[in-house]
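Peer 1: Dumping the structure here so I can ask a few things about it.
Chains as they are written, first to last, in the numbering used here: chain F, 27 to 157; chain R, 486 to 1379.
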């Protein structure tokens, strides 16, 4: 397994925890803490998977998701949404907007890894299919 | 030879027939069945009261004395009816539209409902009519005595005749003239009796004429030959007098109260006038046709010895034609009685409406002029007036003692009422005519007429003060009626006519030009002059099917289809008419008005019905009443409006409350979401790092130490958050125990700064204070106040983005309060976020990573509210500035 992950999360401690977990599992993790500049980071990093927090300073994760899906280059990019707002409606909104997966904070590290692996595999399949 | 008793019996029988006809007519009219009553012929016949006993008998006398001059009396009305038809029609229309009751009412209405003018015209009319009524009584008495002369009865009995006739006529008039007060109501019984009398009158004259031409002479040719040689045709011909008399007679038919009564008041259908326009002149022609032959034959029989005024009676009587004579007697009786009845009716209306009632109202207080008590008074006034008018006539008759001077009284009376003409014509044709003008004209004409003609005639009749009249008052010659202005007049009537009417007209025009009409006058002037713009023609009951339709349509609109339908149906059944449309009889109209009044008000209902029924335009009084009602309705609707705006306000308040509730619910959701986020965020770190530590896959010591530290910090963060939440919940909703006591403001600040510094431990924020100003003793909960200060200081520590952050704490004493301001030198809070800073979980964008859940300011504000003060954000150009306000009661000695 392996590949590049862009982690967009404003909470420093959470950023650190996820980065640690995923790095140890073999992923190349790039952290980014600001919603307003997130799209630029996606373009710069060109990740295989994006982990996107919903509540970001500057710009909401949902808006970023919508923009990513609207752009052809990132329309099929696997995106895992993270949210601390535990309401069902948030989950629905995220999936409607095209999130590939969705995790509610707090989550178990195992769940995170499983989900990321699934997204990475899908990405790999895409790459083979296109490539 | 018919005995006197027999004659009386015939008279009584004749009168009984008249009563019968009148009763029948009243009954039929009430049932709405009197078709013949509504015919133009009846109308025309009723107009024939113009030909009184004076003309019935006197025309022959006049022919004997003055030749064909008597024709002028018929010529005037004929010219008016043919040439001035438009004027008559306008008068009838105005009369109906304005619901005019008499000539006095007409003048008064036109000139702004002037009571004085009405009284003046009434007095003038009564003065003019009294000798005229005396003349009628005289003629009846005279004819009685002529008829009875051959019998065994002497003068004393005939003297009694007059009073019996007068009393009988009063009774008849009272019975058929004052059945109801309604000014709109006509008198069908009275009119039909008069119509019958008109037929008898004409038949009698024609019968005598036929007898004279074919019975005495040998047909028309012989008659013409006899006329050629008769002295009747030898009489001179005076052009000026002819012209004058023609004008006078034409005027009389317009102005005589009794003529106005039958012409205008009793008119039931405007179209009848068209028939009368030719039929009435025809009637006059027929009645005057045999005057000259009768005069010629009378002269042949009696020479100059006999009384030519009685030739009509004495010619058949002398020639043994008793039956014919009886018919003539009845004709004369008819002519006299019909005139007296209508004159009494018309004058009594005027007297009661314009003199008695105003006086009665003057001396008593009554609020409702048409109800109960008042109706009885009005009815009584009218009945008394009838009696009074006839008593006056009888008194004048007795006073004059049947003098020959009565013969002139007809023309004198004509000239008296002719004084009304300028004001009448001017009122109908000229909007500029004013009350002042009318009063001046009528008053002056009246005075001149009375002085030049009436008083001399009365004086001559009564045999009093002839010397004063001959010499003029105080010996002033030119004031003498015999020689007015020093004129040696050969014809006092013509002189008086020219003088009185001339001065009258001149003063009327001058007075009108020089005075300004009041608003009511203006309005009435327009209503009169432009009556056709304001009214619809009046059609009689029979022509009224469309009218009933209109009424039903209107009633449906007001009452609703069901109620209107039932009302009309019931009325139609009561009248015995099929089809559901009743005759618009007065009774029915009154009922309809009453029903509608409940919905739209009495005045409006009356106006609406009148519009359809009479084509009546609405009088000013009606208009004012309608305006009153409208005002009430507007008042009511404005109340409704107020109520509905209250409702609207309530609805708005409800909507507002609902919106508030929705907003609260939304806020609750948002709050829960926020709490969830704030709780889950530290938990996420804690869980993630603890799972890492729990894993078999080891981490190095440094990492473990770091991760443990993070777990610890996040636990503290969770605890703080929970503390804050509980604190806020208690402050917002719970019972807060304040530990109030004396404290120095400076001490509280010291504590807060220490806590904030210790807590954050950076100490990089410079705090500028003014110890002197802080030396204020306050009464407060020092711990809570310190909590607020700590929050403000730590906010500055967290958010002040200046190179060298500074926080200035300024204390100011204001009247009734102490203000503590915390100002930093950072970039401040963006304007769009200022409104949110006191909201829960609100954090500036720059607060990223800073500890705290954004509850600090919300808590602080709650605390200050509890302490009776306040916490506000003070907008400023530089940095963040919060103002803590401590209330007056917190103050102790400084």
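Every residue, glycine too, gets a C-beta built ideally from N, C-alpha and C.
On a predicted model such as this, the values are computed, not experimentally measured, just so you know.
According to DSSP, simplified to helix, strand and coil, what is residue 1166 (chain R)?
Peer 2: DSSP places residue 1166 (chain R) in helix when its eight states are reduced to three.
Peer 1: What residues match up with residue 1054 (chain R) in a beta bridge as DSSP calls it?
Peer 2: Partner(s): none; residue 1054 (chain R) has no beta bridge.
Peer 1: Excluding five sequence neighbours on each side, which residues of the same chain lie with their C-beta closer than 7 Å to the C-beta of residue 537 (chain R)?
Peer 2: 621, 820, 821, 824, listed in sequence order.
Peer 1: How long is the line joining the alpha carbons of residue 1334 (chain R) and residue 37 (chain F), rounded to whole angstroms?
Peer 2: With a pLDDT of only 45 at residue 1334 (chain R), under the threshold of 50, the placement of this residue in the model should not be trusted; the figure read from the coordinates follows. C-alpha separation (whole angstroms): 7 Å.
Peer 1: Can you find at least 3 beta carbon pairs, one from the segment 833-848 of chain R and one from the segment 790-805 of chain R, that sit closer than 8 Å?
Peer 2: In short, these stretches do not touch, since the Cβ pair count stays below three.
Peer 1: Runs of 4 residues minimum, wholly inside the segment 694-746 of chain R: which ones carry the alpha helix (DSSP H) assignment?
Peer 2: DSSP runs (the alpha helix (DSSP H)) wholly in the segment 694-746 of chain R: 704-714, 724-740, 742-745.
Peer 1: When you compare only the Cα positions, how much space is there between residue 147 (chain F) and residue 1192 (chain R)?
Peer 2: In a straight line, the C-alpha of residue 147 (chain F) is about 30 Å away from that of residue 1192 (chain R).
Peer 1: At a CB distance below 8 Å, what residues from the segment 35-60 of chain F approach chain R? Give them in sequence order.
Peer 2: Of all residues in the segment 35-60 of chain F, 36, 37, 38, 39, 40, 42, 43, 44, 46, 47, 50, 59 have a Cβ within less than 8 Å of some Cβ in chain R.
Peer 1: Output yes if chain F places a C-beta closer than 8 Å to the C-beta of residue 1306 (chain R); else output no.
Peer 2: Answer no: the Cβ-Cβ gap between residue 1306 (chain R) and chain F never drops below 8 Å.
Peer 1: If you drop the 5 nearest sequence neighbours on each side, which residues of the same chain put their C-beta closer than 6 Å to that of residue 1330 (chain R)?
Peer 2: Here the model assigns residue 1330 (chain R) a pLDDT of 49, short of 50, so the residue's position is not dependable, and the following value carries that caveat. Taken in chain order, the list of residues that qualify is empty.
Peer 1: Determine the chain R residues that contact residue 111 (chain F) at a beta-carbon separation under 7 Å, and present them in chain order.
Peer 2: Within chain R, the residues near residue 111 (chain F) are 1158, 1161, 1162.
Peer 1: Could you name the residues that DSSP lists as bridge partners for residue 53 (chain F)?
Peer 2: Per DSSP, F:29.
Peer 1: Using beta carbons (cut-off 8 Å, strictly below), is residue 1190 (chain R) in contact with chain F?
Peer 2: So no, residue 1190 (chain R) is outside the interface.
Peer 1: Leaving aside the five residues before and after residue 896 (chain R) along the sequence, list all residues of the same chain whose C-beta is less than 8 Å from its C-beta, in chain order.
Peer 2: 730, 733, 978.
Peer 1: Would you say residue 132 (chain F) reaches chain R, if we count a Cβ-Cβ gap shorter than 8 Å as a contact?
Peer 2: So, interface residue.
Peer 1: At a Cβ threshold of 8 Å, is residue 1165 (chain R) touching chain F?
Peer 2: Judged by the 8 Å Cβ criterion, residue 1165 (chain R) is in contact with chain F.
Peer 1: I need the straight-line Cα distance from residue 856 (chain R) to residue 869 (chain R), nearest angstrom please.
Peer 2: With a pLDDT of only 46 at residue 856 (chain R), under 50, the local geometry of the prediction cannot be trusted, and the value read off the model is given with reservation. So the alpha carbons of these two residues sit roughly 20 Å apart.
Peer 1: Enumerate in chain order the residues of its own chain whose CB-to-CB distance from residue 1313 (chain R) is below 6 Å, with the five nearest sequence positions on each side excluded.
Peer 2: Here the set comprises 1364, 1365.
Peer 1: Could you check what DSSP says for residue 1357 (chain R) in three-state terms: helix, strand or coil?
Peer 2: Residue state, collapsed to three classes: strand.
Peer 1: Between residue 30 (chain F) and residue 74 (chain F), how many whole angstroms is the CB-CB distance? I'm expecting something under 8 Å.
Peer 2: Yes, they are in contact, since the Cβ atoms of residue 30 (chain F) and residue 74 (chain F) sit about 5 Å apart, within 8 Å.
Peer 1: Would you mind giving the Cβ-Cβ distance between residue 108 (chain F) and residue 78 (chain F), rounded to the nearest angstrom? I have them listed as a contact below 8 Å.
Peer 2: The pair is a contact, with the Cβ atoms about 7 Å apart (cut-off 8 Å).
Peer 1: Count the other CB atoms within 10 Å of the CB of residue 846 (chain R); is the residue buried (16 or more) or exposed (fewer)?
Peer 2: So residue 846 (chain R) ends up on the exposed side.
Peer 1: Spell out whether any CB of chain R is found under 8 Å from the CB atom of residue 107 (chain F).
Peer 2: No, its Cβ sits nowhere closer than 8 Å to a Cβ of chain R.
Peer 1: Strictly below 9 Å CB to CB, what residues from chain F border residue 1174 (chain R)?
Peer 2: Within 9 Å Cβ-Cβ: 39, 42, 43, 46.
Peer 1: Please work out which residues of its chain come closer than 6 Å, Cβ to Cβ, to residue 739 (chain R), disregarding the five sequence neighbours upstream and downstream, and give them in chain order.
Peer 2: So the list is empty, once near-sequence residues are dropped.
Peer 1: Quick one: using the 10 Å Cβ neighbour count with 16 as the cut-off for buried, is residue 512 (chain R) buried or exposed?
Peer 2: Residue 512 (chain R) is exposed by the Cβ-count criterion.
Peer 1: Expressed to the nearest angstrom, what Euclidean distance is found between the alpha-carbon atoms of residue 678 (chain R) and residue 1072 (chain R)?
Peer 2: The straight-line gap from Cα to Cα measures roughly 23 Å.
Peer 1: Rank R:706, R:1307, R:1050, R:1347 by C-alpha distance to the C-alpha of residue 1324 (chain R) and give the top, closest one.
Peer 2: Here the closest residue by C-alpha is R:1347.
Peer 1: Mind pulling the chain A residues with CB within less than 7 Å of residue 1314 (chain R)?
Peer 2: The structure shown contains no chain A; the protein chains it does contain are F and R.
Peer 1: Who are the near neighbours of residue 742 (chain R) in its chain, counting only those whose CB is closer than 8 Å to its CB and skipping five residues on each side?
Peer 2: Closer than 8 Å at Cβ, skipping near neighbours: 587, 588, 589, 610, 614, 828, 831, 832, 835, 902.
Peer 1: Using DSSP with H/G/I as helix, E/B as strand and the rest coil, what is residue 1129 (chain R)?
Peer 2: Here residue 1129 (chain R) sits in helix by DSSP.
Peer 1: Let me know the secondary structure DSSP gives residue 1383 (chain R) once reduced to three states.
Peer 2: The requested residue 1383 (chain R) is not part of the displayed model; chain R covers only 486 to 1379.
Peer 1: Between R:1162, R:541, R:1207, R:619, which has its C-alpha nearest residue 884 (chain R)'s C-alpha?
Peer 2: Per the Cα distances, R:619.
Peer 1: Where does residue 127 (chain F) fall in DSSP's three states?
Peer 2: DSSP places residue 127 (chain F) in strand when its eight states are reduced to three.
Peer 1: Tell me where the beta strand (DSSP E) around residue 1272 (chain R) begins and ends.
Peer 2: No beta strand (DSSP E) holds residue 1272 (chain R); the alpha helix (DSSP H) holding it covers 1267-1284.
Peer 1: Taking 8 Å as the cut-off, decide whether the C-beta atoms of residue 628 (chain R) and residue 505 (chain R) are in contact.
Peer 2: No.
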